[in-house]
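So for the sequence shown, my numbering puts the first residue at 28; every next one is plus one.
Reviewing the structure listed below.
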Amino acid sequence: SWDLFIMAFLMYTTFSVPYMLAFVPAAEISPGEQITSDVTPFDIFEIILDCLFCIDVVLNFCTAFTDKGVYHTGMKTIAAHYIRTWFVLDFFGSVPFDKIVQSIIVMQGKPMDASMQNVLQG
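The structure is reproduced here in structure tokens:
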């Protein structure tokens, strides 16, 4: 089902992100150097994962839940419950803010300074 599908990709992300941060060297960008938008197959896979996680957030607004033995199916009730419980965590964990900021910088054609590079690399 969908939950198992998302869980498999969450497990992948759980192990791949620390590995990448620890062992994959980041591209060196000199202060004032233009950022290029070279896209690799791995980048495409990562974008697809980001999209899947964002779709999961949207689908959670439509997923019924039980509370004290009562099965809730009303859309307003589901949305209110989701916003009160997991939405903030899901939202900030799913939206690829680093890719969004980097895309904006690339589209504007602005050079990247060392402090911005450090922010995007974590």
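Glycine included, C-beta positions come from ideal geometry on N, C-alpha and C.
Where does F42 sit, in a helix, a strand or coil, going by DSSP? Taking the first residue of the sequence shown as position 1, residue 42 is located at position 15. The answer is helix: DSSP assigns F42 an H, G or I state.
Please identify the residue among I75, D117 and D30 whose C-alpha is closest to the C-alpha of K126. On the sequence shown, residue 126 is found 99 positions in, with the first residue counted as 1. Comparing Cα positions, the closest option is I75.
Mind checking which residues open and close the alpha helix (DSSP H) that includes D70? Stepping through the sequence shown from its first residue, residue 70 is reached at position 43. Per DSSP, D70 belongs to the alpha helix (DSSP H) from P68 to N87.
CA-to-CA distance, V128 to A106, given in whole angstroms: One-based indexing of the sequence shown puts residue 106 at position 79. One-based indexing of the sequence shown puts residue 128 at position 101. If you take the alpha carbons of A106 and V128, they lie about 28 Å apart.
Y98 versus L31: straight-line alpha-carbon distance, rounded: Residue mapping note: residue 98 aligns to position 71 of the sequence shown, counting from 1. Residue mapping note: residue 31 aligns to position 4 of the sequence shown, counting from 1. Near 22 Å, if we compare the C-alpha coordinates of L31 and Y98.
Is the separation between the beta-carbon of V85 and that of S121 shorter than 7 Å? By one-based count along the sequence shown, residue 85 stands at place 58. By one-based count along the sequence shown, residue 121 stands at place 94. The answer is no: Cβ separation not under 7 Å.
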